[in-house]
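Peer 1: Numbering (our numbering), first residue to last: 5 to 696.
C-beta atoms are modelled at their ideal positions from N, C-alpha and C, and glycine is treated no differently.
Starting off with a structure, shown below.
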Ligand code: ADP
Ligand code: ZN
Ligand code: ZN
């Protein structure tokens with residue numbers, strides 16, 4: 005009899021690391037959630053293992069809470085803690101439902117044998133007969149009447165958990181399942197016959213019907229008795245995928261996303277944990293859903309940046325998905341029209357080379373902006389195409405009205421007082437705002453330096469573009485500043501003629517049948533970021549936007565405005581040549597030793613004290629060197645200053661090494677040493693394995 009439980013107390017304090025031993029209470033298993041005495045506090049704690057005995061004198065847990073997690077999530081949490089240089093407590097906390105919420109019980113009325121279909125000899129009013137006929141159901145406002153029937157032995161009334169069911173935004177009409185085409189058949193077959201832990205990449209052009217493949221594969225998995233997790237990019241912006249799964253599978257689907265109320269979230273979590281729901285659809289955190297026996301994990305639009313979590317642990321849901329599938333002997337399927345070089349390099353690839361409806365991919369033309377006057381937003385050709393279009397999607401990857409303001413007399417610029425970045429003008433709100441910390445201030449009337457009222461606006465954002473486009477057709481704007489994205493998408497879908505304008509969210513997975521024009525306003529905007537993924541992002545953005553046009557049998561075309569028409573990422577996107585792009589990109593990455601040929605770890609130090617951030621980053625570097633480096637062939641880059649953010653100076657060190665585990669180990673140990681050092685106590689350190 006194993007009479008000892010080993011637990012991880014759920015605390016954010018890094019220094020406090022388990023496991024700690026306690027007496028095993030009745031019913032406690034691996035995954036149980038306990039309340040334990042800890043010093044003078046009472047903490048919640050997750051059981052990570054059982055043991056026969058302990059060398060310590062053991063305390064008794066106060067109670068066993070109802071929110072146990074499946075053992076496979078315990079294993080996953082402990083792995084995440086190591087993989088992302090975090091703590092077991094932080095990783096395990098992500099797997100629990102919101103604390104302080106309970107199941108919601110209401111009174112449920114059922115007819116007894118006598119109350120079911122009572123004969124005419126039973127004296128009842130018409131109202132009472134109607135009430136009985138409508139059972140079973142929650143008592144609600146009829147409780148009084150039902151209690152009277154209960155006294156006569158016709159009804160039982162008892163508490164029962166009432167599910168707080170989320171409402172799903174429906175975008176797109178309900179459709180009958182189509183007959184699969186041969187490419188889809190082959191893909192479904194490949195998934196069905198994949199071995200435990202196998203990883204597949206569904207590389208299908210935009211509109212090739214990947215969703216239908218996911219639906220069929222999910223159906224097969226359910227039939228085999230296993231559960232399914234479907235990850236989608238940030239959900240408020242892509243409600244279509246949820247709608248399709250709910251349409252096909254009904255209540256077997258649970259959704260877990262940030263738009264749920266605490267109660268809804270709790271109940272969806274419970275339905276998954278208790279096996280009432282067997283499919284979980286949601287953004288990255290859904291990879292931690294408490295399903296048992298997961299047979300299939302799907303990651304849709306696997307190139308999407310929202311799969312990376314920015315809290316601690318800074319996990320990448322794509323890698324966690326892989327681990328999760330491995331742990332339960334399931335299959336991982338990631339899908340995209342523009343897969344990451346990492347996935348192409350490591351996964352078995354299944355192709356969908358044609359659009360499901362037989363249409364061709366739309367022709368893409370470059371609009372060279374080098375000869376246009378500075379400040380021109382839309383080229384004449386783009387403008388004319390928009391006038392001719394019925395429905396168009398226009399992409400510009402900058403929010404707001406204009407990027408920044410300057411004083412024409414003295415050159416003063418307006419910067420965020422907390423961050424060293426310029427403030428962005430949002431005209432409709434009459435505000436200048438910082439896109440990094442949310443600081444806002446009123447639009448200035450005059451320069452604070454020289455009192456001049458002559459101010460210049462530079463650059464164009466989606467708000468200004470919306471204003472220009474409104475002269476051509478009704479406009480729907482979609483970007484991170486829009487309160488209800490689902491509603492915006494519905495408005496666009498229902499309109500006869502409209503232009504959807506927005507940041508990269510307009511290029512994400514939407515399936516509208518009648519879009520005949522796609523426009524990328526500033527295709528090389530993303531190329532100018534100093535980041536090794538700039539090419540990949542640019543290729544993906546242009547290809548994905550092009551993928552929204554010409555669906556559903558209609559004709560479509562795409563215009564790409566750029567100052568850099570010879571950039572390989574843009575040229576390959578124009579030719580719909582993802583193989584060509586990926587081949588070149590993998591060669592480049594191999595030569596420069598970027599992922600997947602090395603692991604990157606970014607350590608950012610920050611402090612409000614001048615100089616402290618740099619000193620801490622330098623100390624991390626010294627600590628890595630002192631420990632003998634980060635594995636064979638590893639390099640340390642930095643410390644390099646980053647712009648000040650939320651009033652904190654920042655400095656970063658990058659570890660780059662071919663031996664992933666040596667690099668993670670070295671970064672973790674060095675960061676822990678600097679965190680513990682008195683000299684660096686004002687500095688905060690964050691360790692980001694596989695930064696985006
Ligand atoms: P992707 O995710 O690959 O870009 P979708 O899954 O959105 O593509 O599918 C594009 C469109 O093709 C959808 O409207 C879908 O209903 C339709 N479709 C999928 N499979 C078939 C099929 N076998 N026959 C006809 N239409 C299909
Ligand atoms: Zn001035
Ligand atoms: Zn700021």
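May I ask you to verify whether the segment 553-561 touches the segment 487-496, counting CB pairs closer than 8 Å and requiring at least 3?
Peer 2: Touching, no.
Peer 1: Mark residue 155 as exposed unless 16 or more other C-beta atoms lie within 10 angstroms of its C-beta, in which case mark it buried.
Peer 2: In the chain shown, the residue the question calls residue 155 occupies position 151. So residue 155 counts as exposed.
Peer 1: So which residues touch the region around ligand 3, with touch meaning a C-beta under 6 Å from any heavy atom?
Peer 2: Qualifying residues come out as 420, 422, 423, 438, 440, 441 and 443.
Peer 1: In whole angstroms, what is the alpha-carbon distance linking residue 51 and residue 572?
Peer 2: As a position in the chain shown, residue 51 is number 47, starting the count at 1. As a position in the chain shown, residue 572 is number 568, starting the count at 1. The alpha-carbon atoms of residue 51 and residue 572 are separated by roughly 52 Å.
Peer 1: Is it right to say residue 96 is buried, meaning 16 or more other beta carbons lie within 10 angstroms of its own, or is it exposed?
Peer 2: Within the chain shown, residue 96 is the residue found at index 92, counting from 1. With 16 or more Cβ atoms within 10 Å of its Cβ, residue 96 is classed as buried.
Peer 1: So which residues put a beta carbon under 5 Å from any heavy atom of ligand 2, going in chain order?
Peer 2: The set, ordered by position in the chain, is 411, 413, 414, 416, 451, 453, 454 and 456.
Peer 1: Taking the C-alpha atoms as reference points, what is the distance between residue 27 and residue 33?
Peer 2: Taking the first residue of the chain shown as position 1, residue 27 is located at position 23. Taking the first residue of the chain shown as position 1, residue 33 is located at position 29. About 12 Å.
Peer 1: For ligand 1, any of its heavy atoms closer than 7 Å to the Cβ of residue 210?
Peer 2: Sequence index remark: in the chain shown, residue 210 carries index 206 (1-based). At least one heavy atom of ligand 1 is nearer than 7 Å to the Cβ of residue 210, so yes.
Peer 1: Distance, Cα to Cα, residue 21 vs residue 285?
Peer 2: Within the chain shown, residue 21 is the residue found at index 17, counting from 1. Within the chain shown, residue 285 is the residue found at index 281, counting from 1. Distance between the alpha carbons of residue 21 and residue 285 is about 33 Å.
Peer 1: Does the structure place the segment 587-598 close enough to the segment 333-350 that three or more beta carbon pairs sit under 8 Å?
Peer 2: Taking 8 Å as the limit for Cβ pairs, the verdict is that the segment 587-598 does touch the segment 333-350.
Peer 1: Given a threshold of 16 other Cβ atoms within 10 Å of its Cβ, counted over all protein chains shown, does residue 175 qualify as buried or as exposed?
Peer 2: Within the chain shown, numbered from 1, the residue matching residue 175 stands at position 171. Because residue 175 sits at a pLDDT of 48, beneath the cut-off of 50, its placement in the model cannot be relied upon, and the following sentence gives the value as read from the coordinates. Result: buried.
Peer 1: Examine the Cβ distances between the segment 560-576 and the segment 631-648 and report whether three or more of them are shorter than 8 Å.
Peer 2: They do not touch, by the three-pair rule.
Peer 1: Report the three-state DSSP secondary structure of residue 119 (helix, strand or coil).
Peer 2: As a first step, residue 119 is located in the chain shown; it is residue number 115 there, counting from the start. Coil, per DSSP.
Peer 1: Around the C-beta of residue 287, are 16 or more other C-beta atoms found within 10 angstroms, so that it is buried, or is it exposed?
Peer 2: The residue you call residue 287 lines up with position 283 of the chain shown. Burial call: buried.
Peer 1: What does residue 308 pair with, by DSSP beta-bridge criteria?
Peer 2: Counting from 1 along the chain shown, the entry for residue 308 is found at position 304. The partner list for residue 308 (beta bridge, DSSP) is empty, contrary to what the question assumes.
Peer 1: Which one of 320, 62, 44 and 184 has the shortest CA to CA distance from residue 235?
Peer 2: Here residue 235 refers to the residue found at position 231 of the chain shown. Comparing Cα-Cα distances from residue 235 to each of 320, 62, 44 and 184, the minimum goes to 320.
Peer 1: Would you say the beta carbon of residue 552 comes nearer than 7 Å to a heavy atom of ligand 1?
Peer 2: Within the chain shown, the letter at position 548 stands for residue 552. Result no, Cβ not under 7 Å from ligand 1.
Peer 1: Who are the Cβ neighbours of residue 73 in its own chain at under 6 Å, not counting the five residues just before and after it?
Peer 2: Taking the first residue of the chain shown as position 1, residue 73 is located at position 69. These residues qualify, in order along the chain: 35, 99 and 294.
Peer 1: Could you give the distance in angstroms between the alpha-carbon of residue 534 and the alpha-carbon of residue 528?
Peer 2: Numbered from 1 along the chain shown, position 530 holds the residue referred to as residue 534. Numbered from 1 along the chain shown, position 524 holds the residue referred to as residue 528. Between residue 534 and residue 528, the C-alpha separation is close to 12 Å.
Peer 1: Could you check the C-alpha separation between residue 454 and residue 83 for me, to the nearest Å?
Peer 2: What you label residue 454 is simply residue 450 of the chain shown in a count that begins at 1. What you label residue 83 is simply residue 79 of the chain shown in a count that begins at 1. Roughly 58 Å between the two C-alpha positions.
Peer 1: For the pair the segment 52-71 and the segment 653-670, tell me if three or more CB-CB distances fall below 8 Å.
Peer 2: With a cut-off of 8 Å, the segment 653-670 and the segment 52-71 do not count as touching, because too few Cβ pairs lie within range.
Peer 1: Can you tell me where the alpha helix (DSSP H) with residue 645 in it begins and where it stops?
Peer 2: In the chain shown, residue 645 corresponds to position 641, counting from 1. No alpha helix (DSSP H) contains residue 645, which is instead part of the beta strand (DSSP E) from 639-649.
Peer 1: Can you tell which of 180, 531, 611 and 103 has its C-alpha closest to the C-alpha of residue 38?
Peer 2: In the chain shown, counting from the first residue as 1, residue 38 sits at position 34. Looking at the Cα atoms, 103 is the closest of the given residues.
Peer 1: Would you kindly check if the distance between the Cβ of residue 331 and the Cβ of residue 76 is under 8 Å?
Peer 2: Indexing the chain shown from 1 puts residue 76 at position 72. Indexing the chain shown from 1 puts residue 331 at position 327. Against a cut-off of 8 Å, the Cβ pair of residue 331 and residue 76 comes out as a contact.
Peer 1: Only counting the same chain, and skipping five residues up and downstream in sequence, which positions put a Cβ closer than 6 Å to that of residue 625?
Peer 2: On the chain shown, position 621 is the one that residue 625 refers to. For residue 625, where only same-chain residues beyond five positions count, the Cβ hits under 6 Å are 640 and 657.
Peer 1: Between residue 747 and residue 108, how many whole angstroms is the CB-CB distance? I'm expecting something under 8 Å.
Peer 2: Nothing can be reported for residue 747, as the shown portion of the chain is limited to 5 through 696.
Peer 1: From residue 693 to residue 663, what distance separates their C-alpha atoms?
Peer 2: As a first step, residue 693 is located in the chain shown; it is residue number 689 there, counting from the start. As a first step, residue 663 is located in the chain shown; it is residue number 659 there, counting from the start. When rounded, the distance between both Cα atoms is 13 Å.
Peer 1: Exposed or buried, which one is residue 395 when buried takes at least 16 other CB atoms within 10 Å?
Peer 2: Position 391 of the chain shown, counted from the first residue, corresponds to residue 395. Under this definition residue 395 is a buried residue.
Peer 1: Hey, how far is the Cα of residue 173 from the Cα of residue 124?
Peer 2: The count along the chain shown starts at 1 and reaches residue 173 at position 169. The count along the chain shown starts at 1 and reaches residue 124 at position 120. At residue 173, the pLDDT of 48 sits below 50, so the modelled position is not reliable and the matter cannot be decided from this model.
Peer 1: So, under 8 Å CB-CB, residue 510 and residue 397 are touching, yes? Tell me the CB distance rounded to an integer number of Å.
Peer 2: In the chain shown, residue 510 corresponds to position 506, counting from 1. In the chain shown, residue 397 corresponds to position 393, counting from 1. The Cβ separation is near 5 Å, so the contact holds.
Peer 1: At a threshold of 7 Å, does residue 191 count as lining ligand 1 (C-beta to nearest heavy atom)?
Peer 2: Counting from 1 along the chain shown, the entry for residue 191 is found at position 187. False, no ligand heavy atom lies under 7 Å from that Cβ.
Peer 1: Residue range of the beta strand (DSSP E) that residue 245 falls in?
Peer 2: Taking the chain shown and counting its residues from 1, the one referred to as residue 245 is at position 241. It is not in any beta strand (DSSP E) - residue 245 instead sits in the alpha helix (DSSP H) that spans 244-253.
Peer 1: DSSP beta-bridge partners for residue 561?
Peer 2: Taking the chain shown and counting its residues from 1, one reaches residue 561 at position 557. Residue 561 pairs with 521.
Peer 1: Is the beta carbon of residue 159 sitting closer than 8 Å to the one on residue 150?
Peer 2: Position 155 of the chain shown holds residue 159. Position 146 of the chain shown holds residue 150. Yes, the Cβ-Cβ distance between residue 159 and residue 150 is below 8 Å.
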